[in-house]
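Each remark here refers to the structure printed beneath this line.
Protein chains: 4
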Amino acid sequence: MHTEQAPATEERQRDAERSQSTILAAARDEFAEHGLGGARMDRIAERAGLNKRLIYYYFADKERLFQAVLEQAYRDIRDRERALKLQDLSPTEAVRRLVEFTWQYYLECPEFLTLLNSANLHRARHLHQSAEVREMNSPLVDMLGEILERGRKDGSFRGGIDPVQLYVSIAGLAYFYLSNNHTLSAIFGRDLMTPKARNERLSHMCDVILGYVLRD
Amino acid sequence: MHTEQAPATEERQRDAERSQSTILAAARDEFAEHGLGGARMDRIAERAGLNKRLIYYYFADKERLFQAVLEQAYRDIRDRERALKLQDLSPTEAVRRLVEFTWQYYLECPEFLTLLNSANLHRARHLHQSAEVREMNSPLVDMLGEILERGRKDGSFRGGIDPVQLYVSIAGLAYFYLSNNHTLSAIFGRDLMTPKARNERLSHMCDVILGYVLRD
Amino acid sequence: MHTEQAPATEERQRDAERSQSTILAAARDEFAEHGLGGARMDRIAERAGLNKRLIYYYFADKERLFQAVLEQAYRDIRDRERALKLQDLSPTEAVRRLVEFTWQYYLECPEFLTLLNSANLHRARHLHQSAEVREMNSPLVDMLGEILERGRKDGSFRGGIDPVQLYVSIAGLAYFYLSNNHTLSAIFGRDLMTPKARNERLSHMCDVILGYVLRD
Amino acid sequence: MHTEQAPATEERQRDAERSQSTILAAARDEFAEHGLGGARMDRIAERAGLNKRLIYYYFADKERLFQAVLEQAYRDIRDRERALKLQDLSPTEAVRRLVEFTWQYYLECPEFLTLLNSANLHRARHLHQSAEVREMNSPLVDMLGEILERGRKDGSFRGGIDPVQLYVSIAGLAYFYLSNNHTLSAIFGRDLMTPKARNERLSHMCDVILGYVLRD
DNA sequence: TATGAATGAGGGTTCATTCAT
DNA sequence: TATGAATGAACCCTCATTCAT
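Chains as they are written, first to last, in UniProt numbering: chain A, 1 to 216; chain B, 1 to 216; chain C, 1 to 216; chain D, 1 to 216.
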């Protein structure tokens with residue numbers, strides 16, 4: 001009596017979902033590396049190991065493929081954010097954890113940074129066309145609001161902090177350093193990506209953000 | 001004494017220079033709007049009102065044109081930074097002035113942001129090829145170092161602050177907000193570019209940065 | 001005694017036939033609308049509401065599908081011609097009836113006109129490959145020959161009229177007006193398809209043809 | 001003292017007008033042979049012996065190239081019509097001349113027929129987009145109106161003939177025979193294009209048209 | 001019988017770039 | 001200095017068709 005007989009060949013093609021997500025991953029890498037304008041459909045197909053025509057079969061055209069990549073990227077970071085469980089930490093630890101998470105996520109998924117840059121170069125029109133992303137309002141902002149309130153109540157945080165401003169600042173401190181790492185390294189003549197430099201940056205970021213939220 | 005002759009050598013040179021800077025400005029706008037991959041030589045010629053062939057005459061190819069645009073952009077912001085005269089202000093005022101300047105410059109010259117994004121997408125290879133830019137180390141970092149030292153000495157600033165980290169943080173707080181304004185506005189469902197929102201951001205940035213540098 | 005079993009052979013055959021004629025109708029419309037070169041197999045499947053693969057199953061390829069459409073079209077007009085029963089009318093009435101029929105058929109089945117145009121663009125090679133159509137020599141020409149002979153004998157028609165020439169002329173008078181209706185309307189700046197214009201055309205055609213066949 | 005020195009090399013390229021008309025002629029042949037949908041830009045370039053890119057340089061895209069071909073075709077036949085000088089002939093001779101001209105023009109320029117078919121397949125949208133053609137109302141209709149009036153006055157023609165109807169009929173008698181020659185030949189099993197058959201057709205057409213216009 | 005998945009060849013079009021003057 | 005003409009390579013996308021079930 002055998003279960004698990006269905007998939008037949010292990011290395012089967014003809015798996016719609018698998019093909020789609022393979023394409024999506026390949027497209028994400030290509031878009032991240034070359035931007036929307038510089039990305040090549042040919043290369044995406046090659047990266048995916050699939051026929052180019054299949055991309056159009058599933059994603060219609062380059063624009064909508066890019067949109068699908070963005071949706072996927074947002075879905076991913078939102079999932080990770082949700083998994084943070086900041087509510088279980090003390091306000092101070094929660095903020096520190098958030099700074100660390102942001103830093104680590106950008107480090108691990110550098111594609112995210114360039115994808116966002118591309119999305120903004122095109123004035124976020126791909127987001128506007130995506131009902132999904134528009135409604136995927138970051139739960140983090142709500143979470144952050146609650147943490148700030150908790151901190152204010154227990155006397156550790158100052159009052160009057162806008163969670164959106166804080167969220168943007170945390171992201172900005174990490175984003176700029178990593179996204180502009182190449183020009184900055186060139187101009188300052190020092191490699192900003194050595195382990196030491198990276199630790200110093202994270203430490204600096206925590207100082208800046210905690211220095212801001214903590215009551216004197 | 002002849003008037004209305006064939007243009008004198010000097011005049012022709014002036015035309016040549018003017019053509020070059022017209023092309024450069026057109027290219028800057030085009031690159032800023034569409035990125036390096038999305039920019040079109042045709043459109044640049046059209047924007048400049050000059051023959052496309054002339055672009056190649058002066059700038060050899062697209063890559064080197066982009067490089068020239070970057071060089072010009074850095075030259076411009078460096079000039080503006082130098083004009084700041086932060087040394088005449090008190091440390092606190094100097095830092096505040098720097099935050100304000102950064103914010104205003106990015107607001108006035110949004111092309112700068114997307115140009116930098118493009119430069120970084122291409123791993124700053126255009127900068128590496130430009131001896132000029134490589135040597136154009138921001139005078140601000142030195143200036144900032146002196147201010148931090150002055151502040152530390154007069155007891156208003158804490159010690160141990162890396163001017164590069166601080167510079168990057170100031171830039172990052174402004175950059176991320178403005179460069180990613182489209183996606184952020186879409187996701188948070190609020191227009192981040194209204195005058196009110198912009199004032200709030202500047203105020204927040206000053207709080208964050210001054211909260212960090214000032215001794216408790 | 002089981003009801004609701006797998007479909008009986010007969011039923012399946014009926015479905016098969018229905019599928020084929022559905023495809024054929026969809027193909028006819030598509031070919032008529034876009035020509036052979038402009039027709040799309042995808043659209044034909046969509047119009048038919050059937051899977052594209054099925055078209056290949058029944059008709060092998062686009063060329064043979066077009067051929068099948070042509071065969072069907074000829075079969076249809078031949079059937080209608082045969083139903084005319086011109087032999088029961090007086091020679092004059094028979095000719096008038098034929099002119100009217102031709103006009104009405106082209107009006108009701110405008111696809112026929114563009115299908116013929118396509119067939120001719122391809123030098124009738126689809127007809128040459130179709131034994132069926134080649135042998136489907138228009139019964140009308142024979143019928144018309146008899147009518148002309150009857151008319152000549154009873155003194156109402158002039159002699160020496162080639163039925164093929166006459167048939168071609170009748171068709172041509174209607175065909176050109178309707179098939180080229182769009183360019184003619186554009187050029188003469190008058191809508192040739194209003195009811196009034198159509199009636200005038202039919203009347204004119206009868207005058208021309210009867211003026212030709214009738215003895216002075 | 002030499003005139004005619006300018007053109008430099010006899011077989012010069014870099015002649016904009018020459019290139020354009022070469023492309024136009026190649027496109028006319030390709031469109032006539034394969035229809036709009038079946039025509040290939042590659043083949044047009046090859047026929048013209050010019051780079052494909054040049055077609056886009058001068059004609060923007062396939063649609064507008066087709067439009068330019070149509071405009072040229074209409075310009076050509078209108079010129080030829082104008083050169084007919086029917087007003088110098090007797091009414092009867094003028095009508096006969098017109099029938100002959102139409103027949104001969106279609107015989108000499110069979111592309112014209114298929115081009116018109118293509119234009120009509122696309123509902124003359126290329127004509128509607130061409131101000132030039134829309135205004136290029138056939139001078140023949142006016143000419144024909146005058147002839148009919150002259151004939152009526154001198155008692156040779158019947159009255160009440162619409163010149164547009166007559167024009168369409170003359171064209172239709174020739175057009176259908178020639179344009180549908182392939183299917184007709186296949187169906188009637190006789191070659192309609194032998195010299196004898198062609199003469200018989202022309203003779204028949206004259207009989208039909210003159211039989212219609214001449215007073216009994 | 002019927003269908004979703006997959007593909008190779010090629011279609012129109014665009015691009016950066018060079019030629020010739 | 002300045003420009004219109006010309007080009008080869010490549011790009012996005014489409015098409016008829018086949019595979020596998």
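We treat Cβ as the ideally placed atom computed from N, Cα and C, and that holds for glycine.
Asked, Found
"Exposure label - residue 2 of chain B; buried when at least 16 CB within 10 Å", "Model confidence at residue 2 of chain B stands at a pLDDT of 44, short of 50, so the residue's coordinates are unreliable and nothing is read from them."
"CB contact check: residue 215 of chain C to chain D, cutoff 8 Å", "no"
"Proximity below 8 Å, CB of residue 198 of chain A to CB of residue 138 of chain A", "no"
"Residues that residue 115 of chain A bridges to, as DSSP identifies them", "Answer is none; residue 115 of chain A lacks a bridge partner."
"Which listed residue (C:42, C:207 and C:193) has its alpha carbon closest to that of residue 99 of chain C", "C:207"
"C-beta neighbour in chain A for residue 199 of chain B, strict 8 Å", "no"
"Boundaries (first-last residue) of the alpha helix (DSSP H) holding residue 108 of chain D", "91 to 108"
"Segment contact flag, the stretch 48 to 59 of chain B with the stretch 108 to 124 of chain B, C-beta cutoff 8 Å, min 3 pairs", "no"
"Boundaries (first-last residue) of the alpha helix (DSSP H) holding residue 135 of chain B", "Note, residue 135 of chain B: premise wrong, no alpha helix (DSSP H); not H, not E."
"9 Å Cβ cut-off: residues of chain A touching residue 134 of chain B", "186, 187 and 189"
"Spatial neighbours of residue 171 of chain D in its chain, beta-carbon cut-off 8 Å, leaving aside the 5 residues before and after", "102"
"Secondary structure of residue 50 of chain B, DSSP reduced to three states", "coil"
"Classification of residue 179 of chain B by the beta-carbon crowding that lies within 10 angstroms, buried from 16 upward", "buried"
"Beta carbon proximity, residue 129 of chain C to chain D, threshold 8 Å", "no"
"Rounded separation between residue 12 of chain A and residue 169 of chain A - CA only", "Note that residue 12 of chain A scores a pLDDT of 40, beneath 50, so its modelled location is shaky; the value from the coordinates is reported in the next line. Answer to the nearest angstrom: the Cα atoms are 47 Å apart."
"Selected residue, minimal CA-CA separation from residue 205 of chain D, among C:167, C:183, C:188 and C:182", "C:167"
"Where the stretch 143 to 164 of chain C meets chain D: residues whose CB sits under 8 Å from a CB there", "162 and 164"
"Nearest residue (CA-CA) to residue 209 of chain A, options A:67, A:91, A:84 and A:113", "A:91"
"Under 7 Å by beta carbon: chain A residues contacting residue 208 of chain B", "169, 208 and 212"
"C-beta contact flag for residue 147 of chain D and residue 68 of chain D at 8 Å", "no"
"Residue environment, residue 155 of chain C, which counts as buried when at least 16 other CB atoms sit within 10 Å", "exposed"
"Any chain A beta carbon closer than 8 Å to residue 96 of chain B", "no"
"Rounded Cβ spacing between residue 31 of chain A and residue 115 of chain A (contact assumed at less than 8 Å)", "6 Å"
"Segment contact, 8 Å Cβ cut-off, at least three pairs: the stretch 31 to 46 of chain C with the stretch 182 to 190 of chain B", "no"
"Contact with chain A by residue 50 of chain B, beta-carbon distance below 8 Å", "no"
"Where residue 31 of chain D meets chain C, residues with beta-carbon distance less than 9 Å", "Near residue 31 of chain D there are no residues of chain C at all, since even the closest Cβ is about 10 Å away, more than 9 Å."
"6 Å CB neighbourhood of residue 71 of chain D in its chain, flanking five on each side removed", "130, 132 and 133"
"Inter-residue Cα distance where the pair is residue 18 of chain A and residue 42 of chain A", "19 Å"
"Proximity to residue 63 of chain B [Cα-Cα], best of B:81, B:162 and B:28", "B:28"
"Sub-8 Å separation of residue 177 of chain B and residue 176 of chain A beta-carbons", "no"
"Simplified DSSP state of residue 148 of chain B, which is helix, strand or coil", "helix"
"Residues within the stretch 174 to 185 of chain C neighbouring chain D, beta-carbon criterion of under 9 Å", "174, 175, 176, 177, 179, 180, 181, 182, 183, 184 and 185"
"Contact set between residue 116 of chain C and chain D, taken where Cβ atoms lie within less than 8 Å", "180 and 183"
"Short Cβ contact (8 Å threshold) for residue 38 of chain D with residue 37 of chain C", "yes"
"Where residue 1 of chain D falls: helix, strand or coil (DSSP)", "Because residue 1 of chain D sits at a pLDDT of 37, beneath the cut-off of 50, its placement in the model cannot be relied upon, and the point is left open."
"Close Cβ partners of residue 125 of chain A (< 7 Å) along its chain, the five nearest in sequence each way excluded", "none"
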